[in-house]
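This report refers to the structure that appears directly beneath it.
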Amino acid sequence: MKLISSFLMFAFVSITAYAQEKTPDLNIISPRPDQLQAVVVTTQDWNAVQGRGQIFERQSGASPWVAVDSAFPVVIGKNGMAWGKAYHEVSGDAEGVPMKIEGDRKSPAGIFMLTSAFSPAEQKVNLPFTKLLDSTECVDDVKSSHYNRIVDKSQVDQYDWDSSEKMRAIQEYELGIFIGYNPERKKGAGSCVFLHRWTDEKTGTTGCTAMALEQMQKIFRWIDGTKNPILIQMPEKTYRQLQSAGNLPQLSAFQ
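Positions in the sequence shown are counted from 1; adding 112 to them yields the numbering used here.
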């Protein structure tokens, strides 16, 4: 009897640990009450490149999310999605889902602030704005003190990187928004992740989320930094599992 009891206790602990490893902590999958605008992106699964996006608003943390416009097509990383570091630490890889790392060509899954906008031309947008110059670079060199930052190379005292994106030279950065992924700038966790216009509706990115130019223009007109806008991004199945408890926008609006 003692042997059976010990086995049952071990099985219970093992199952509990597995469940805790598999299910993300809803405290970090749920938007904060002061986050009143959301761009929601879902895909068919963790490996899919094409997906759907939609923008939502709410009046307060206690109010329901309301769709602002109809759904639109997006593309993400050429290798699909991976959990952002913080989310991977609580969700584990029970489903074989890796953690995003530098150079994996995967878009991060989770909830992330939309922090600033950029373009080679002046734009009217209610976010901190960077006009792209020939000297504007986003640093993806993990050894650099400027890792995961947009910098003006001509204004930097300590030029310490060997790898970066020369942003003005990238046509897809005609309009872009910085996704606040890896704000702690942990080395190797991933960098320079944006919303931007796509090359086309089938070509994946190096880890960004991309869409038609017309849709980026709509987002530029709509987004309001005072409403703490966020990107909510993950595969549809995972989103549905978290939708109710995480107080996420109703996915049914995508249909």
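We put the beta carbon where it would ideally sit given N, CA and C, even for glycine.
For the options C250, K197, K339, the alpha carbon positioned closest to that of A301 is the one of K197.
Checking the DSSP bridge columns, you'll see S276 partnered with V251.
DSSP lists M211, A221 as the beta-bridge partner residues of W195.
Straight-line measurement puts the Cα of M328 at about 11 Å from the Cα of I167.
Per DSSP, reduced to three states, the secondary structure at Q171 is coil, with no helix or strand assignment. Per DSSP, the continuous beta strand (DSSP E) segment holding I289 begins and ends at 288-291. It is roughly 14 Å from the alpha-carbon of K278 to the alpha-carbon of Y271. A distance below 6 Å between beta-carbons, with the five flanking residues on each side excluded, links M193 to the following residues of its chain, in chain order: W158, K218, S219, A221.
By the Cβ test, the segment 321-341 is not in contact with the segment 258-267, since fewer than three Cβ pairs between them sit closer than 8 Å.
Residue environment for P145: exposed (fewer than 16 other C-beta atoms within 10 angstroms of its C-beta).
In the DSSP assignment, Q149 falls within the beta strand (DSSP E) that extends over 149-155. Here S228 is bridged, per DSSP, to F290. Within its own chain, the residues whose Cβ lies closer than 8 Å to the Cβ of I342, once the five positions on either side in sequence are excluded, are P143, Q147, Q149, A150, V151, I223, F224, M225, L226, listed in chain order. G163 sits close to I188, with the two beta carbons spaced by under 7 Å. For Q327, the enclosing alpha helix (DSSP H) begins and ends at 325-334. In the structure shown, G319 adopts coil according to DSSP, grouped into three states. Residues of the same chain with a CB within less than 6 Å of the CB of S275, apart from the 5 flanking positions on each side, are D252, D253 in chain order.
At least 7 Å separates the beta-carbon of T248 from that of R297. Burial check for G173: the Cβ neighbour count within 10 Å stays below 16, so the residue is exposed. A229 has its alpha-carbon roughly 6 Å from the corresponding atom of F290.
With 16 or more other CB atoms across the displayed protein chains lying within 10 angstroms of its CB, A322 is buried.
For T242, the enclosing beta strand (DSSP E) has its first and last residue at 241-243. Per DSSP, reduced to three states, the secondary structure at Q162 is strand.
Counting C-beta atoms within 10 angstroms of its own C-beta, Q345 has 16 or more neighbours from the protein chains shown and is therefore classed as buried. One Cα belongs to V237, the other to R309, and the distance between them is close to 16 Å.
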